[in-house]
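Asker: Got a structure for you, written out below as structure tokens; questions coming shortly.
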Amino acid sequence: MTDAQPTSPEGLLSSSDFFFTTRIVDTATALSKSVHVASDITAIHKKLEHRHIGLWMIDLDTAESILSEVADLTANYPDLQVIAFGSHVEVARLKKARQAGCHLVVPRSKMTTDLVEYLQKYLNG
């Protein structure tokens, strides 16, 4: 096995919701895309350093604490797009994600509905 970078960007998902994580990873696989899962900041940094990550998806219901890293990481990786998603009733949490610098902040239902579109848009090389 080689360490060659893939030609298309890969995705990164920060979520500890098993069912939603499975849905995202399986959808990506069906589209011949790759999505890695990393929820702690050390693992996120490692993936960004060693992979060609084009999209970082943050589940605000389980990984809100990493929002403080968004501004620095998008400054260091200018091609990185960040989508945060969470409950539509958690307005303050969604607002916090916007303020943190996420490029797109959507309710969980929209993330589910538009997942294929997001993966195709941000994970094409």
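Count along the sequence shown from 1, add 10, and you get the number used in the numbering used here.
By construction, the Cβ of each residue, glycine as well, lies at the ideal position given by its N, Cα and C atoms.
1) When you compare each of Thr32, Tyr87, Glu127 and Asp69 to alanine 139 by their alpha carbons, which one comes out closest?
2) Applying the 10 Å Cβ sphere with the 16-neighbour rule, what's the burial state of lysine 43?
3) For the segment 72-80 against the segment 99-110, are there 3 or more C-beta pairs whose distance is under 8 Å?
4) Return helix, strand or coil for leucine 90, following the three-state DSSP convention.
5) Can you tell me the Cα-Cα spacing of threonine 12 and histidine 60, whole angstroms?
Answerer: So, from the listed chains and residues:
1) Residue 139 lies beyond the residue range present for the chain, which begins at 11 and ends at 135; the question has no answer from this structure.
2) For the purposes of this step, residue 43 is taken as residue 33 along the sequence shown, with counting starting at 1. Looking at its Cβ environment, which holds 16 or more other Cβ atoms inside 10 Å, lysine 43 is buried.
3) Under the 8 Å Cβ criterion, the segment 72-80 counts as touching the segment 99-110, having at least three qualifying pairs.
4) As a position in the sequence shown, residue 90 is number 80, starting the count at 1. Coil, per DSSP.
5) Locating residue 12 in the sequence shown gives position 2, where the first residue counts as 1. Locating residue 60 in the sequence shown gives position 50, where the first residue counts as 1. Residue placement at threonine 12 is poorly supported in this model, since its pLDDT is 46, which falls under 50; the coordinates are not used for a value here.
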